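Input: a single structure, listed below in structure tokens.
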Amino acid sequence: MSKEIIQEVVQKSLEDYFDDLGEQRPSNIYDMMVMTVEKPILTVVMERAAGNQSHAAEMLGINRNTLRKKLQQHGML
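With the numbering used here as the guide, the letters of the sequence shown map in order to residues 3 to 79.
Here is the structure:
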């Protein structure tokens, strides 16, 4: 799957989210989207790294301590 396809899927999902809100004014969309997308990213990368946090952090391009913090935020530790 190309980067463009992923972007299209995310954009379509966000458009559907706004449509579902109707007249309600959304708030804190950025954080909501980051948290929504981040967990499946972490799940897949941790699976690909066979649970090795150092390898997963390297794949993600983040510090291992940052990865641990994100895993904790998502209840994955």
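Even glycine gets a Cβ: it sits at the ideal position worked out from N, Cα and C.
Computed from a predicted model, the values in this text were never measured in an experiment.
Beta-carbon separation (whole angstroms), residue i vs residue j, contact threshold 8 Å
i, j, result
"Asn65", "Ala59", "6 Å"
"Leu1", "Leu69", "Residue 1 is absent from the model: the chain starts at 3 and stops at 79."
6 Å CB neighbourhood of residue i in its chain, flanking five on each side removed
i, result
"Met37", "none"
Contacting residues, own chain, Cβ-Cβ under 8 Å from residue i (five flanking each side not counted)
i, result
"Val47", "Ala58, Met61, Leu62"
"Ile43", "Leu62"
Residue i vs residue j beta-carbon contact at 8 Å
i, j, result
"Val11", "Val39", "no"
Exposure label - residue i; buried when at least 16 CB within 10 Å
i, result
"Lys72", "buried"
Close beta carbons around residue i, own chain, < 7 Å, minus the five adjacent residues each side
i, result
"Ala51", "His57, Ala58, Met61"
"Asp22", "none"
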